[in-house]
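Asker:
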Amino acid sequence: MAYIEPSEFVTKMVDAGEQKVYMSTKDTLIRAFMAGAILGLAAMFAITVMVKTGSPLIGAILFPVGFIMLYLMKFDLLTGVFTLVPLALLDKRPGVTFGQVMRNWGLVFCGNFGGALTVAFLMSFILTYGYNVDGGALAAKVSSIGESRTVGYQAHGLDGWLTIFIRGMLCNWMVSMGVVGAMISTSATGKMAAMWMPVMLFFFMGFEHSIVNMFLFPFSMIMGGDFTVADYLVWNELPTVLGNLAGGLLLVGLPLYLTHVRTSPERKVGR
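Offset between the sequence shown (1-based) and the working numbering: plus 209.
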């Protein structure tokens, strides 16, 4: 069977959340590190395509290859565990507590950041031949992105912060739909197609993804972006993480769980 009914795949979502809570620290960190690294490389690939072709759409079309690779290898992104792990807590799975959810999120955050930061240093090194030459058009492009999406938001104050939060929320609405879409299908090609569409949408629309940003902003700073670590954390990473959490949980995880697992009794209609 190539398609799984919603009542079945939402139960799989809860099962997946429970499994991630029980996963060892070592495995959680390794899988998160590799996910962050692969997504960082995919972001660099997409930006390179955009610079060389002049087409943001082509970059967006190709970016999902990284997401697909890490999903098929069962590596973990913070955006994914934001959606799945709380469902195991809501379902009262044995041993799944609020503290265990926080532990999983913290480990995945650290692993994702470590992987993304590693790729940022590797890519900046090869782009500049060991920091001996200018990074060229790619460095200029990434630096401008970093500045516009930190101090650019800061210039608008609270409205700028809320703008990032909402962009983060919309981002993980789409990314989590990709995660869920992959569970609907039992074939590799079906999973790829289901993931491709929403991930392409979020990237092209310029929504904020916390793990992509873990690569993009350190890389931008290395390449000469005119903003500080505090600017990055306060005016991008923090509101993006919170927005990703709200989008994945409130717009994907909870609605699916409440209507396909905690289904209400059918109405009795007089005949």
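Cβ atoms here follow ideal geometry from the backbone N, Cα and C, with glycine treated the same way.
Whole angstroms is fine: what's the gap from residue 241's alpha carbon to residue 263's?
Answerer: Here the question's residue 241 lines up with position 32 in the sequence shown. Here the question's residue 263 lines up with position 54 in the sequence shown. Using only the alpha carbons, I get a separation of about 32 Å.
Asker: What are the partner residues of residue 394, as DSSP defines its beta bridges?
Answerer: Numbered from 1 along the sequence shown, position 185 holds the residue referred to as residue 394. For residue 394, which the question treats as bridged, DSSP gives the partners 212.
Asker: Please state the DSSP three-state secondary structure of residue 218.
Answerer: Position 9 of the sequence shown, counted from the start, is the residue given in the question as residue 218. The answer is helix: DSSP assigns residue 218 an H, G or I state.
Asker: Could you check which residue in 219, 279 and 405 has the C-alpha nearest to that of residue 468?
Answerer: In the sequence shown, residue 468 corresponds to position 259, counting from 1. Measuring from the Cα of residue 468, the nearest candidate turns out to be 219.
Asker: Near residue 250, what residues of its chain come up, given a Cβ to Cβ distance below 7 Å and the 5 sequence neighbours on each side ignored?
Answerer: Translated into positions along the sequence shown, residue 250 becomes position 41. For residue 250, where only same-chain residues beyond five positions count, the Cβ hits under 7 Å are 275 and 328.
Asker: In angstroms with no decimal places, state the Cα-to-Cα distance between residue 216 and residue 433.
Answerer: Here residue 216 refers to the residue found at position 7 of the sequence shown. Here residue 433 refers to the residue found at position 224 of the sequence shown. Taking the straight line joining both Cα atoms gives about 50 Å.
Asker: Checking 8 Å against the spacing of the C-beta atoms, do residue 385 and residue 288 come in under that value?
Answerer: On the sequence shown, residue 385 is found 176 positions in, with the first residue counted as 1. On the sequence shown, residue 288 is found 79 positions in, with the first residue counted as 1. Yes, the Cβ-Cβ distance between residue 385 and residue 288 is below 8 Å.
Asker: Using 8 Å for Cβ pairs, my map puts residue 454 next to residue 374. What's the rounded Cβ distance?
Answerer: Stepping through the sequence shown from its first residue, residue 454 is reached at position 245. Stepping through the sequence shown from its first residue, residue 374 is reached at position 165. With a Cβ gap of about 10 Å, residue 454 and residue 374 do not count as contacting.
Asker: Given a threshold of 16 other Cβ atoms within 10 Å of its Cβ, counted over all protein chains shown, does residue 464 qualify as buried or as exposed?
Answerer: Numbered from 1 along the sequence shown, position 255 holds the residue referred to as residue 464. Its Cβ having fewer than 16 others within 10 Å, residue 464 is exposed.
Asker: Which same chain residues, not among the five before or five after residue 458, have their C-beta less than 8 Å away from its C-beta?
Answerer: What you label residue 458 is simply residue 249 of the sequence shown in a count that begins at 1. Answer for residue 458: 291, 292 and 295, listed in chain order.
Asker: Assign residue 227 to one of two classes, buried (16 or more other C-beta atoms within 10 Å of its C-beta) or exposed (fewer than that).
Answerer: Along the sequence shown, one-based indexing puts residue 227 at 18. By the neighbour-count rule (16 or more Cβ atoms within 10 Å), residue 227 is buried.
Asker: Which of the three DSSP states, helix, strand or coil, is assigned to residue 227?
Answerer: By one-based count along the sequence shown, residue 227 stands at place 18. If DSSP states are grouped into helix, strand and coil, residue 227 belongs with the helices.
Asker: So what's residue 464 in DSSP terms, helix, strand or just coil?
Answerer: Locating residue 464 in the sequence shown gives position 255, counting from the first residue. DSSP places residue 464 in helix when its eight states are reduced to three.
Asker: Would you call the region 357-367 in contact with the region 404-411, where contact means no fewer than 3 C-beta pairs closer than 8 Å?
Answerer: The region 357-367 is not in contact with the region 404-411.
Asker: Could you tell me the distance, in whole angstroms, from the CA atom of residue 210 to the CA atom of residue 348?
Answerer: As a working note, residue 210 is residue 1 in the sequence shown. As a working note, residue 348 is residue 139 in the sequence shown. Unreliable placement is indicated for residue 210, whose pLDDT of 44 sits below 50; no coordinate value is reported for it.
Asker: Which residue comes first and which comes last in the alpha helix (DSSP H) that contains residue 350?
Answerer: As a position in the sequence shown, residue 350 is number 141, starting the count at 1. Here the alpha helix (DSSP H) through residue 350 covers 345-357.
Asker: Classify residue 475 as buried or exposed, calling it buried when 16 or more other Cβ atoms lie within 10 Å of its own Cβ.
Answerer: Here the question's residue 475 lines up with position 266 in the sequence shown. Flag for residue 475 reads exposed.
Asker: Between the beta-carbon of residue 332 and the beta-carbon of residue 428, is there less than 8 Å?
Answerer: Residue 332 sits at position 123 when you count from the first residue of the sequence shown. Residue 428 sits at position 219 when you count from the first residue of the sequence shown. Result yes, Cβ atoms of residue 332 and residue 428 sit closer than 8 Å.
Asker: Provide the residue span of the alpha helix (DSSP H) that contains residue 444, from first to last.
Answerer: Counting from 1 along the sequence shown, the entry for residue 444 is found at position 235. Element bounds for residue 444: n/a, residue is neither H nor E.
Asker: If you reduce the DSSP assignment to three classes, tell me which class residue 323 lands in.
Answerer: Stepping through the sequence shown from its first residue, residue 323 is reached at position 114. Residue 323: helix per DSSP, three-state reduction.
Asker: Residue 355 to residue 441, Cα distance in whole Å?
Answerer: The residue you call residue 355 lines up with position 146 of the sequence shown. The residue you call residue 441 lines up with position 232 of the sequence shown. Cα-Cα distance, rounded: 8 Å.
Asker: Over the uninterrupted alpha helix (DSSP H) stretch that includes residue 338, give me the two end residues.
Answerer: In the sequence shown, residue 338 corresponds to position 129, counting from 1. Where residue 338 is concerned, there is no enclosing alpha helix (DSSP H), given that its DSSP letter is neither H nor E.
Asker: Does the Cβ-Cβ distance between residue 213 and residue 472 come in under 8 Å?
Answerer: In the sequence shown, the residue the question calls residue 213 occupies position 4. In the sequence shown, the residue the question calls residue 472 occupies position 263. Not closer than 8 Å, so no.
Asker: Note down, in chain order, each residue of its chain lying with its Cβ closer than 7 Å to the Cβ of residue 273, except the 5 sequence neighbours on either side.
Answerer: Translated into positions along the sequence shown, residue 273 becomes position 64. If we look at residue 273 and ignore the five residues flanking it on each side, its Cβ neighbours are 404, 405, 408 and 409.
Asker: Go to residue 415, then tell me how far its alpha helix (DSSP H) extends in each direction, as first and last residue.
Answerer: By 1-based counting over the sequence shown, the position of residue 415 is 206. Counting along the chain, residue 415 falls outside any alpha helix (DSSP H), and DSSP gives it neither H nor E.
Asker: Checking 8 Å against the spacing of the C-beta atoms, do residue 382 and residue 456 come in under that value?
Answerer: Counting from 1 along the sequence shown, the entry for residue 382 is found at position 173. Counting from 1 along the sequence shown, the entry for residue 456 is found at position 247. Result yes, Cβ atoms of residue 382 and residue 456 sit closer than 8 Å.
Asker: Please report the distance separating the alpha-carbon of residue 417 from that of residue 377.
Answerer: For this step, residue 417 is matched to residue 208 along the sequence shown. For this step, residue 377 is matched to residue 168 along the sequence shown. If I take the Cα positions, the gap works out to 5 Å.
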